[in-house]
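To start, the structure itself, in structure tokens.
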Amino acid sequence: MELDLVLAAVAVAVALWLRPWRVVGPAGPPWVWLGWCAVMPVLWGTDRYVASTVVQPLSGAVLLMMMAGWPLAVLAMVPVALATWAMAGLEGAEALHRLVWLGDMPATIALGLGAAVRRWLPHQLFVYILGRGFVATALSCVLSGALSMALHGATPGLDPDEQMIGRWLAAWGDAFLVGMVVAIFVAFRPEWLATYSDRLYLRPPESGGPPDRDDGPGAE
1 MELDLVLAAV AVAVALWLRP WRVVGPAGPP WVWLGWCAVM PVLWGTDRYV
51 ASTVVQPLSG AVLLMMMAGW PLAVLAMVPV ALATWAMAGL EGAEALHRLV
101 WLGDMPATIA LGLGAAVRRW LPHQLFVYIL GRGFVATALS CVLSGALSMA
151 LHGATPGLDP DEQMIGRWLA AWGDAFLVGM VVAIFVAFRP EWLATYSDRL
201 YLRPPESGGP PDRDDGPGAE
């Protein structure tokens, strides 16, 4: 529990230091961000709602990070964890564990992978949707699950190998969901994605100069 508390505290401290609320307009965040935050407690507590430890919860954190940016996502996941704690009847330590390993860690790993995609791969819509929305989501959820099990062990009553398979399958479920939603948003509501920029991904191939970035403190 001590490690989870340190990781959560560091993530929140960094997010607060970046002051991401500066990029939110006077009208407040888009309703879809708040709607997704309301859905995430259902994802995080799925195993408790169906009373089966075999079921591995989905994360949803990568989609929130891509919509709101990393700092706002980290701050928003604190009330998500509190809602999961209340709705799923979790102990405090378990709610904190899910905040870190279903929330902060997948979002942070996906942020790093997304930065690598943007740095090393072509700035094309297909690369953004497939690389960041799909592949980075799957890898971040798998890596987060593996780190959690390495540091804390498997869920009591579950074989570690079977739980890792479950985390792998859940990660691909997250990836399909995020990839599909990101593709829809890019086509119809790109302003709902803090990690996306028309100037970067719709640049004419013949234009010169350094690429525009979407790197503000509230972007990622």
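Take the sequence shown: its letter number 149 is residue 149 in this note's numbering, and every next letter is one higher. Beta carbons: idealized from backbone N, C-alpha and C, even for Gly. Note that the structure is a prediction, hence the values are computed from the model and not measured.
Closest Cα partner of residue i within the set the options
| i | options | result |
| --- | --- | --- |
| LEU147 | ARG48, LEU111, LEU102 and VAL135 | LEU102 |
| LEU200 | VAL10, LEU96, PRO57 and PRO122 | PRO122 |
| ALA170 | ALA183, PHE126 and PRO106 | PRO106 |
| SER52 | ASP174, GLY157, ALA8 and PRO26 | GLY157 |
| ASP104 | ALA88, ALA38 and VAL10 | VAL10 |
| TYR196 | LEU125, VAL12, TRP36 and LEU18 | LEU125 |
| LEU111 | ALA86, ALA81, ASP4 and ALA73 | ALA73 |
| TRP36 | ILE109, LEU58, VAL100 and ASP161 | LEU58 |
| VAL127 | LEU202, ARG167 and PRO20 | LEU202 |
Helix, strand or coil at residue i [DSSP, three-state]
| i | result |
| --- | --- |
| VAL182 | helix |
| PRO79 | helix |
| VAL54 | coil |
| ALA251 | The displayed coordinates of the chain run from 1 to 220. Any statement about residue 251 would go beyond what the structure contains. |
| GLU162 | helix |
| GLU91 | coil |
| LEU147 | helix |
| ARG48 | helix |
| THR195 | coil |
| MET1 | coil |
| ARG167 | helix |
| GLY69 | coil |
| GLY60 | coil |
| ARG98 | helix |
| PRO217 | Bear in mind that the predicted position of PRO217 carries a pLDDT of just 42, short of 50, making it unreliable; the figure below should be weighed with that in mind. Coil at PRO217, not helix or strand. |
| LEU177 | helix |
| VAL200 | Here residue 200 is Leu; the residue named in the question, Val, does not match the sequence. If DSSP states are grouped into helix, strand and coil, LEU200 belongs with the helices. |
Other residues of its chain near residue i: CB distance less than 7 angstroms, five sequence neighbours each side excluded
| i | result |
| --- | --- |
| VAL55 | THR46 and ASP47 |
| THR84 | PRO41, TRP44, GLY45, LEU90, ALA95 and ARG98 |
| PRO30 | TRP192 |
Residues near residue i by beta carbon distance below 6 angstroms, same chain, minus five either side
| i | result |
| --- | --- |
| PHE185 | TRP192 and LEU193 |
| TRP33 | MET67 and ALA68 |
| ALA93 | MET1 |
| ALA13 | none |
Cut-off 8 angstroms between Cβ atoms - residues of its own chain near residue i, not counting five sequence neighbours on either side
| i | result |
| --- | --- |
| ASP215 | Note that ASP215 scores 43 on pLDDT, short of 50, meaning its location in the model is unreliable and no value can be drawn from it. |
| THR155 | THR53 and GLN163 |
| TRP172 | ALA138 |
Any non-hydrogen atom of the ligand SAM within 7 angstroms of residue i CB
| i | result |
| --- | --- |
| ARG203 | As for the ligand SAM, it is missing from this structure, which has no ligand bound. |
Could you tell me whether the segment 104-120 touches the segment 136-150, where touching means 3 or more Cβ pairs closer than 8 angstroms? Flag = yes, the segment 104-120 and the segment 136-150 touch.
Counting Cβ pairs, one atom from each stretch, are 3 or more of them under 8 angstroms apart for the segment 165-182 and the segment 49-63? Yes: the two stretches touch, three or more of their Cβ pairs being nearer than 8 angstroms.
Could you tell me whether the segment 69-77 touches the segment 141-160, where touching means 3 or more Cβ pairs closer than 8 angstroms? Fewer than three Cβ pairs drawn from the segment 69-77 and the segment 141-160 lie within less than 8 angstroms of each other, which leaves the two stretches out of contact.
Taking the runs of the alpha helix (DSSP H) that are 4 residues or longer, which of them lie wholly in the segment 109-141? Taking only runs of at least 4 residues, no alpha helix (DSSP H) segment lies wholly in the segment 109-141.
Contiguous beta strand (DSSP E) assignments of at least 3 residues, all confined to the segment 3-30: Complete beta strand (DSSP E) runs here, min 3: none at all.
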